[in-house]
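Taking it in order: structure first as structure tokens, then the write-up.
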Amino acid sequence: MNPAQTTPSRRPARRRRFGWPQRVFSQVLLMQLAIATGVTVLATGLFLAPLSAQLDDQAMRRALAIAGTTASPRLAADLTGTPFSARGPVQTEAERIRMSTGAEYIVVMDTRGVRWSHPDPAQIGRRVSTDPTDVLAGREVMEIDSGTLGRSARGKTPLRDADGRIVGAVSVGIEYDSVRDRLLAAIPGLLAYAGGALAAGALAAYLISRRLQRQTHDLAFSDISALLAEREAMLHGIREGVVALDRNGSVRLMNDEAQRLLGVGPEAAGRPLDEVLGEGRTADVLAGRVTGDDLVTVRGHRVLIANRMPTDDGGAVATLRDRTELERLGRELDSTRGLIDALRAQDHEHANRMHTLLGLLELEMHEEAVEFVTEVVGVHRATAEQVTEKVHDPLLAALLVGKATVAAERGVSLRITPDSLLPDRLVDPRELVTVVGNLVDNALDAAAGTPSARIDVSLRAEGRTVVLRVADSGPGVPEERRELIFAEGWSTKALPSHGKRGLGLPLVRRLAERRGGTARVAGVPDGGAEFTVVLPDALAEPAPETAAPFGARTGAPSVVPRPGTFPETVEEAR
């Protein structure tokens, strides 16, 4: 067997590459250290550069001051009144002053530039090594120059007698090595201060970088960039609304779906949430003033489910799901189940009636059988005719006939009040179907099981305004709860099949307010509750050809929907 086949393959070891670090913490720390070091070096250089010139200037001014003190009228008198000598009074006075001031040399010269004093007596009587023209012309001179004693900082001043005439000059030199020594002596202290400043800057840079490391979770810049790109793609790609708030309650970001669900634009970013959404349950839920999971709220015509999660910085992130279609399907399912129950009851009642009719026929009681069939048919026809005489819109009439059948099965009498009259001029029939359906369902639940259970429905037209009243014989609504029942998510009933309650009455009020109307509840004298909804501009302008009652425009008999057979779109909006 080939040994190469039995030896497990080894992956080549990766060489450790040294280069620019990837972590935000490391990059920021290195950049801050580089900046601190650069600033320290620059500050030190900027301090040392003028320090050298300053020390030179101080040395030259000191030499000039010594020369000015030395050039006294007494020295001028000794220069002009005593014979030239290497041990004369001029040399003696110059050396005395040099020793006391620490100068490198003090040279006294006459108008010819010949030295009368010098630290080296051998130089006395010789001409000075530098040009004395300027100083002998009466000008003071400061310079850094080289002479017989080497490089020095010099100060020269004219020597005048008692009458002010120039009789010579005094030149004083400060050893330049001493100036350089002072500069070099200042460097260690300066570097110590610079090192201390650099250490403090490095410590501050480290602390800042550590804080940044915690805040960025030790990510690399490329990771942060990728996260931002992924966040943008996720926020604008998901079909849920996302709203981020800061600690002050202002909108930090809002994705496209949230803008669509809430009906706002991109300008909402940076503005307070209450200013963007206005007062209402939606703003309360997103701001955290209402707490809980899967909170139901209504925004415009949409039913939304909201969840809110606080963040570490004091803000929060809220998610919104559009439950409008699901809520509609759930309500349709409830309505369908109610309709099935009503049909089942009708089928049972129909079977009993057929058995009764069969018994009458077997007993050859033909007249009684005819009377029985006439009575049964008349009851249903009377109910349908009562509705269609007062309500001329076919969709709404079908809804009320169906509700009357369901109410009768539950032992509740549903009737249209005598003052009702609604023409067939509804601008949006489904809108009124939603309102009437919700109110009748609530009234039916409240009245069922009470003595003499009844529901009174009043539909009147006042110009183009529709006024709807639904009264029941139930327990009524306590006064302290009459506003609370219009809040989204509030209900005293058990959960339906679709899992949510407390949406019907808020939708009713929202539809009314959207048209500029009102929805309110009050009590009735003999017990129960009465809901009143006002819908302005719900009717179109009357036309001459629509003046005839519903079902009588063509002269044909009224077509009345049979109980339990109204179109399924009647319940669609609910």
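Residue numbers for the sequence shown follow our numbering, beginning at 1256 and rising by one. Cβ atoms here follow ideal geometry from the backbone N, Cα and C, with glycine treated the same way.
For Leu1334 versus Asp1365, is the C-beta distance shorter than 9 angstroms?
In this structure, Asp1365 lies closer than 9 angstroms to Leu1334 by Cβ.
If you measure between the beta carbons of Arg1576 and Val1553, is that distance less than 9 angstroms?
Against a cut-off of 9 angstroms, the Cβ pair of Val1553 and Arg1576 comes out as no contact.
Name the two residues that bound the continuous beta strand (DSSP E) containing Ala1561.
Segment Arg1557 to Pro1565, the beta strand (DSSP E) holding Ala1561.
Whose C-beta lies closer than 7 angstroms to the C-beta of Leu1516 among residues of the same chain, with five residues either side of it excluded?
Answer for Leu1516: Gly1496, Arg1554, Arg1557, Leu1559, Leu1575 and Asp1577, listed in chain order.
Backbone CA spacing between Ala1606 and Leu1613 [nearest angstrom]:
So the alpha carbons of these two residues sit roughly 10 angstroms apart.
Using alpha carbons as the reference points, say which of Leu1794, Gly1456 and Ala1703 lies closest to Arg1685.
Taking each of Leu1794, Gly1456 and Ala1703 in turn and checking the Cα distance to Arg1685, the smallest one comes out for Leu1794.
Got a sec? Which residues, its chain only, sit under 7 angstroms from Asp1674 by beta carbon, not counting five neighbours each side?
If we look at Asp1674 and ignore the five residues flanking it on each side, its Cβ neighbours are Ser1713 and Arg1715.
Start and end of the alpha helix (DSSP H) containing Ser1355?
That run of the alpha helix (DSSP H) goes Pro1344 to Thr1356.
Quick check: the Cα distance between Leu1467 and Ala1513, rounded to an integer number of angstroms?
Near 31 angstroms, if we compare the C-alpha coordinates of Ala1513 and Leu1467.
Counterpart residues of Ala1767 in DSSP-defined beta bridges:
When DSSP reads this structure, Ala1767 sits in no beta bridge, so it has no partner.
Would the stretch 1362 to 1381 and the stretch 1391 to 1407 be scored as touching if the rule is three or more Cβ pairs under 8 angstroms?
The stretch 1362 to 1381 is in contact with the stretch 1391 to 1407.
Tell me, to the nearest whole angstrom, how far the beta carbon of Ala1538 is from that of Asp1529; I am working on the premise that it is less than 8 angstroms.
By a beta-carbon distance limit of 8 angstroms, Ala1538 contacts Asp1529. Their separation comes to about 5 angstroms.
Is Ser1355 buried or exposed, if buried means 16 or more other CB atoms sit within 10 Å of its CB?
So Ser1355 ends up on the exposed side.
Using the Cα positions of Arg1670 and Glu1534, report the straight-line distance between them to the nearest angstrom.
Approximately 38 angstroms between the Cα atoms of the pair.
So, helix, strand or coil for Ala1495, using DSSP?
Strictly speaking, residue 1495 in this sequence is Glu, with Ala absent from that position. Residue state, collapsed to three classes: coil.
Assigned secondary structure, Ile1321 (DSSP; H/G/I helix, E/B strand, else coil)
Annotated three-state conformation of Ile1321 is helix, per DSSP.
Give the range of the alpha helix (DSSP H) segment to which Gly1336 is assigned.
It spans Pro1328 to Gly1336 - the alpha helix (DSSP H) in which Gly1336 sits, taken as one unbroken run.
Sequence-distant residues of the same chain with beta carbon closer than 7 angstroms to Val1362, five excluded per side:
Same-chain partners within the cutoff: Arg1370, Ser1372, His1373, Val1383 and Ser1426.
Alpha carbon of Ala1455 to alpha carbon of Met1564, nearest angstrom:
Using only the alpha carbons, I get a separation of about 41 angstroms.
Write down the C-beta distance between Leu1677 and Lys1645 rounded to the nearest angstrom, noting that I regard them as a contact closer than 8 angstroms.
The Cβ separation is near 7 angstroms, so the contact holds.
Using three-state DSSP, classify Ala1708 as helix, strand or coil.
Three-state result, Ala1708: coil.
In the DSSP output, which residue or residues are listed as bridge partners for Lys1411?
Beta-bridge pairing links Lys1411 to Val1396 and Ser1426.
Would you tell me roughly how many angstroms separate the C-alpha atoms of Leu1550 and Thr1705, rounded to the nearest one?
Computed Cα separation, rounded: 33 angstroms.
For a test of the three-state rule: what should DSSP assign to Gly1456, helix, strand or coil?
In this structure, Gly1456 counts as helix in the three-state DSSP scheme.
Can the beta-carbon of Gly1380 be found closer than 9 angstroms to that of Glu1395?
Remark: C-beta atoms of Gly1380 and Glu1395 do not approach each other more closely than 9 angstroms.
Helix, strand or coil for Thr1574, going by three-state DSSP, please let me know.
It is a strand residue.
Cβ-heavy atom distance, Asp1727 to the ligand PLP, below 8 angstroms
Although the ligand PLP was asked about, the structure shown includes no ligands whatsoever.
Test item: CB-CB of Leu1508 and Val1498 under 9 angstroms
Going by C-beta atoms, Leu1508 is nearer than 9 angstroms to Val1498.
Given Thr1292 as reference, the closest of Leu1699, Ala1742, Leu1453 and Leu1762 once Cα atoms are compared:
Closest by C-alpha distance to Thr1292, out of Leu1699, Ala1742, Leu1453 and Leu1762, is Leu1453.
Gly1778 to Glu1622, Cα distance in whole Å?
Gly1778 and Glu1622 have their C-alpha atoms roughly 49 angstroms apart.
What would DSSP say about Leu1612, mapped onto helix, strand or coil?
Looking at Leu1612 - three-state DSSP - the assignment turns out to be helix.
Just how far apart, CA to CA, sit Ile1429 and Arg1367?
Straight-line Cα distance between these residues: approximately 24 angstroms.
With a Cβ-Cβ cutoff of 9 angstroms, do Ser1505 and Pro1527 count as a contact?
At the C-beta level, Ser1505 and Pro1527 come within 9 angstroms of one another.
Is the distance from the Cβ of Leu1500 to the Cβ of Ala1542 below 9 angstroms?
Taking 9 angstroms as the Cβ cut-off, Leu1500 and Ala1542 qualify as a contacting pair.
Top-ranked residue by Cα proximity to Glu1785, from Thr1720, Val1642, Gly1718 and Ala1701
That would be Ala1701, whose Cα lies nearest to the Cα of Glu1785.
Residues in its own chain within less than 8 angstroms of Asp1548 by CB, not counting five upstream and five downstream?
The answer, listed in chain order, is Asn1562.
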